[in-house]
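If you use the working numbering, the sequence shown corresponds to residues 26 to 200, in order.
Quick reminder that beta carbons are idealized off the backbone N, C-alpha and C, glycines included.
As the structure is a computational prediction, the values presented were derived from the model and not from experiment.
To start, the structure itself, in structure tokens.
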Amino acid sequence: MLFWKFHKKFAGTWEDRLEGLFSCGVNYSDKTILDVGCNMGIVAYEISKHRPAYIHGIDILKPHIGVARSIFLGSDVESRFDAMNLGSRKLPSVLRDRYDIVLLLAVYQHVRRGVGQEKADLIFTDIINRAQTVVARVPDEEDTCLQSLIEGAGFTMSHRSRSPRGSTVLAYHRN
């Protein structure tokens, strides 16, 4: 008998979340990676099979971060997972100065809804400026706010693919 109600806090399946990440032309091997909105670390774990140097995951939900930490006990990839609201003043002190790859997988719209457009743009601009490569999943390609932030930071799109569920995976590299 379950003593709590389990409520799914994300859309789709793990396969949906992985769609396009390994066919977008990004090499994860020996790279430092920041996974913003990492959920339970499943995407990070699948990326760990490609032998990155380091994975850092951030999510607002502490129970999900606990799951991610547990999963990575079985991985020899160096990792760190932090439960944190992206609007926290502590965020810059938790992040590394640089990451080779930043994953922004269907997270921007949630932050924007929570903190407003202006603050979300400041948060994501800071995160984007720490990257050499950005892999983003946008649920609505017509909403170009995130793409504009990435391109405004000096990145060029190198890959675009639409997933079966309708979201779009975009890969950007710094000019």
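{"Check": "Limits of the unbroken alpha helix (DSSP H) element including S75", "Outcome": "For the sequence presented, residue 75 should be read as His rather than Ser. Careful: H75 lies outside any alpha helix (DSSP H) and carries neither H nor E."}
{"Check": "DSSP beta-bridge partners of G50", "Outcome": "According to DSSP, which records beta bridges pairwise, G50 is partnered with nothing at all."}
{"Check": "Exposure label - L98; buried when at least 16 CB within 10 Å", "Outcome": "exposed"}
{"Check": "Where the alpha helix (DSSP H) through I152 begins and ends", "Outcome": "Q142 to I153"}
{"Check": "Whole-angstrom distance between Y53 and P189, CA atom to CA atom", "Outcome": "23 Å"}
{"Check": "Residues near P164 by beta carbon distance below 7 Å, same chain, minus five either side", "Outcome": "A131, Q134 and S192"}
{"Check": "Through-space distance from Y70 to V159, alpha-carbon basis", "Outcome": "18 Å"}
{"Check": "Own chain residues within Cβ distance below 6 Å of L111, not counting five before or after", "Outcome": "V136 and I148"}
{"Check": "Nonlocal neighbours in the same chain, by C-beta distance under 8 Å from D55, ignoring five residues either side", "Outcome": "R76, P77 and A78"}
{"Check": "Under the three-state DSSP convention, the category A131 falls into", "Outcome": "coil"}
{"Check": "Host alpha helix (DSSP H) of A93 (start-end)", "Outcome": "K87 to I96"}
{"Check": "CA nearest to the CA of L116, picked from S95, T150, R138 and E103", "Outcome": "T150"}
{"Check": "Endpoints, beta strand (DSSP E) assigned at L59", "Outcome": "T57 to V61"}
{"Check": "Secondary structure of V194, DSSP reduced to three states", "Outcome": "strand"}
{"Check": "Three-way DSSP call (helix, strand, coil) for S188 in this model", "Outcome": "coil"}
{"Check": "Bridge partner(s) assigned by DSSP for A178", "Outcome": "Paired residue(s): none; A178 is not in a bridge."}
{"Check": "Distance, L120 Cα to R114 Cα", "Outcome": "12 Å"}
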